Structures are given as structure tokens and as C-alpha cells.
Amino acid sequence: MISEDLDIKITTVAKSKLDAAEEIELQFGKTFTDHMFVADYENGEWTNLEIKPFQNIEMSPATSFIHYGQSIFEGLKAHATDEGDILIFRPQANAARLNASARRLCMAELPEAIFINSIKSLVDLDRKWMPKGESSSLYIRPFMFGTEEFLGVKPSGRYRFMVILSPSGAYYSKPVRVKIETKYSRAMEGGVGSAKTSGNYAASLLPAREGFKAGYDQLLWTDANTHTRIEESGTMNAMFILNGKLITPKTSTSILSGITRDSILTIARDWGYDVEERDVMVSELKAGLEKGILTEAFGVGTAATIAHISEIGIDGEDYILPSVKDREFSNKMANFLNNLKRGREEDPNHWLFKV
Ligand SMILES: *Cc1c(COP(=O)(O)O)cnc(C)c1O
-19 MISEDLDIKI TTVAKSKLDA AEEIELQFGK TFTDHMFVAD YENGEWTNLE IKPFQNIEMS
41 PATSFIHYGQ SIFEGLKAHA TDEGDILIFR PQANAARLNA SARRLCMAEL PEAIFINSIK
101 SLVDLDRKWM PKGESSSLYI RPFMFGTEEF LGVKPSGRYR FMVILSPSGA YYSKPVRVKI
161 ETKYSRAMEG GVGSAKTSGN YAASLLPARE GFKAGYDQLL WTDANTHTRI EESGTMNAMF
221 ILNGKLITPK TSTSILSGIT RDSILTIARD WGYDVEERDV MVSELKAGLE KGILTEAFGV
281 GTAATIAHIS EIGIDGEDYI LPSVKDREFS NKMANFLNNL KRGREEDPNH WLFKV
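In the working numbering, the protein residues as written are -19 to 335.
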């Protein structure tokens, strides 16, 4: 069977895992659908485009990405409409960001058509895995890594691109307590913080564990030079309502440019909110918390969409934010985004892609 859009070879499972399962586990990232997409970059071109049963991959112990970290990924979601159609949110933006990450990590770029069509064909084939329920979705994980077999620091001459799908429920159920991190750094100016590359997450684990032991769910990273400016939250960008304005750190080489961030800024401007992308100082957040004018704080990203922050730890002092039910902007935005992604709102920016 050949997909009509691109030359993708398709081999389907004999029996869906869904037939055997009594109930699908919807914990984020735990369950995978029946199929996966694979393509290889060799001799300067992408070949062997294939959808096949989800299975282990075999590789040489000398495969370059294991040793030298040329590994990048994306994350996006598909949602069901009330009519049972499937909509993918802003896949072109993810295709562009994958290639931005590829350029920074000195990897091969992937044509947008392969990115979009591999996802579309895979989601279509596994569409019965779309979970039911308002807070559920099908999480899409495209990723690419260097596959040349050698030991030595140079860019890999071969790459593999893959897509896997995971049905998932709500990400965070309750608001999160965050600590402003001033000892460790996630990324530095001129580094790879703006690329969605594996090592950034490995680097964040120890600081996150120390924060967790001190009672915090997440960290708010600060700039590596001075630890005085807020950067982001590791898997989410950070936003605040300060003095009635929506403020967020401007993007840089040490901040991942989130698609949820961009969507929220676009919609907020559309709604007539005062929006500022600029340096956000730890000191002004502290002053805002003391004066009671920092009324909302939240992380924004594909996995959680909007994660309300209930408490911020600054230099050992914990500051409590107003109750979530009183947060006009972030609640309104969370609702709007959910409805938009399910086709219940107008889509003037053409963000929705129907499967
Ligand atoms: C993926 C990610 C985000 C959020 O990006 P979205 O496109 O909104 O999902 C923010 N920060 C980091 C470090 C990320 O990896």
C-alpha cells in the first residue's frame, strides 16, 4: 500500500493492540499506538519512507548519537472535534523548528512535506487510538538522530527520522510550585538552549531533583550569567500577568521558542491585551508578589497547554499567588485554546490541519 501524498511504504499490524487491551493507559508518554514512521538520510537524501508496526530498533553500539548527542525532537498534538474529525495544531511550525534544531546541531534538515505527510499518514492509520474526553489527545513525537557508526567527534553522515504516537490524558491536574533556580543553568547565550535537543533535558534532571526534594514541582530557569532574568521552565515557556499586562521573556539563543507561547501571544494581542516580550527580572516578580500586582503566573507548552503556578520560591522565600479560580486571563486562554484545537472557534491564522 502506498500513501497518495508521498511514496511511503505501509505495512500494517495483523492485530491491533487495542483489540487485546481492556482499557488504554492514558498517562502521558506511557502507551504507544500500533504503528510508527521511519525514514533514513543517506548519501544526501531522505529514503526508505516507511510506516510499520511499532517495534524495537536495532543499531550498532558505535551509533554516533549515543556517544555525541546529535539528537533532536518535536512534540505536537492531534485533537478530536465534536464530529469525530481529527485536527493537528500548527504542524508547519513544528516542521520549521525541527529544522532550526537540526541546523544548530549540524544535522540534515527534513523537507516539510515529509514531516507533515508522515504525521498525517500515521495519525490517519492509527486514528482509532484517539482517546475520548475533553482533556485527552493524541500526542505526536517526531524525532531525529545521527546513525553513522563511528567513534569521533564530527557530524554524522547518516540520520534517522521517526514518528511515534501516544494517546494521553491531562498532563498536570493541579497547579505547580516552582523554584527560581539560581545555582544551576539550563542553557547559556550562544549555546543550544533554543534547540529541542536531548542533552538540554539531561542537564535539567539533577537541578530538578534537588528542587523536588526541596518541595517544588518545577524550576524557573534564570540566565546563566547573572541569574537575575527569568528564562523559562524546561518544558514550558513562562508567562506572567503583572500590573494587568501579559509579560514573557523575549526569545534568545538560551530559550526554546515555544509554539504555544507564540499562539498565546498572538491571541492575546488579538483580544487587545497589553503584551510585552522583554527581559523579565526576578526582582520585579518579587516586588510584584509583595505588592500583590503579580496576579497570574503560568507555564505554556504543548504537553500541559497552560500549567498554573500556585507558588514561587525566590531565594528560600515562598510567595503564594492568587487562587486559580480568580485568574481571568489564563483560564479564558486555556478554554479558548482547547476549543480552538477542537474546531469550535474560527481559525483565522490557519493553524489547524485536518487529517
Ligand atoms: C518544547 C518546549 C517548550 C514548549 O514548546 P511548545 O512548542 O509550546 O510545546 C518550552 N521549553 C522547552 C525547553 C521545550 O522543550
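In this text, a Cβ means the ideal position worked out from N, Cα and C, and glycines have one as well. These figures come from a predicted structure and were not determined experimentally.
Can residue i and residue j be called in contact, C-beta distance under 8 Å?
i      : j      : result
Ser148 : Tyr119 : yes
Ala204 : Ile210 : no
Ala150 : Ser115 : yes
Arg121 : Val103 : no
Val133 : Tyr48  : yes
Leu78  : Glu63  : no
Ile235 : Glu212 : yes
Gly126 : Phe45  : yes
Ser332 : Leu301 : The question names Ser, but residue 332 is Leu in the sequence shown. No, the pair does not count as a contact, with Cβ atoms beyond the cut-off.
Arg241 : Thr228 : yes
Met87  : Gln35  : no
Below 7 Å CB to CB, which residues in the same chain sit around residue i once its five sequence neighbours on both sides are set aside?
i      : result
Asp106 : Thr13, Asp14, His15, Leu145
Ser81  : Ile52, Ala175, Lys176, Thr177
Ile160 : Leu200, Thr202, Val262, Ile292, Gly293, Ile294
Asn319 : Glu325
Going by the C-beta, is residue i closer than 7 Å to any heavy atom of ligand 1?
i      : result
Leu236 : yes
Glu212 : yes
Arg209 : no
Thr240 : yes
Lys176 : yes
Asn217 : yes
Val255 : no
Gly281 : yes
Gly55  : yes
For residue i and residue j, I'd like the C-alpha separation in whole angstroms.
i        : j      : result
Ile96    : Trp201 : 32 Å
Thr(-9)  : Gly24  : 26 Å
Glu30    : Met124 : 15 Å
His207   : Leu226 : 22 Å
Tyr21    : Tyr139 : 5 Å
Asn311   : Ile286 : 9 Å
Arg324   : Thr61  : 8 Å
Gly281   : Met39  : 32 Å
Gly195   : Gly268 : 23 Å
Ala(-6)  : Ala19  : 22 Å
Thr11    : Glu297 : 39 Å
Leu(-14) : Phe69  : 21 Å
Val304   : Ala93  : 41 Å
Ala1     : Met110 : 14 Å
Gly191   : Gln198 : 7 Å
Ala183   : Val158 : 18 Å
Asn329   : Lys193 : 43 Å
With DSSP as the reference, label residue i as helix, strand or coil.
i      : result
Trp109 : helix
Ala19  : strand
Ala182 : helix
Thr27  : strand
Ala277 : strand
Thr233 : coil
Met261 : strand
Apart from the five residues on each side of it in sequence, which residues of its chain come closer than 6 Å, Cβ to Cβ, to residue i?
i      : result
His59  : Leu67, Ser117, Lys321, Arg322
Lys230 : Glu257, Arg258
Take residue i and list the residues in its own chain whose beta-carbon comes closer than 8 Å to its own, dropping the five residues that flank it on each side.
i      : result
Ala42  : Glu129, Phe130, Leu131
Phe309 : Ile221, Leu226, Ala248, Tyr253, Glu276
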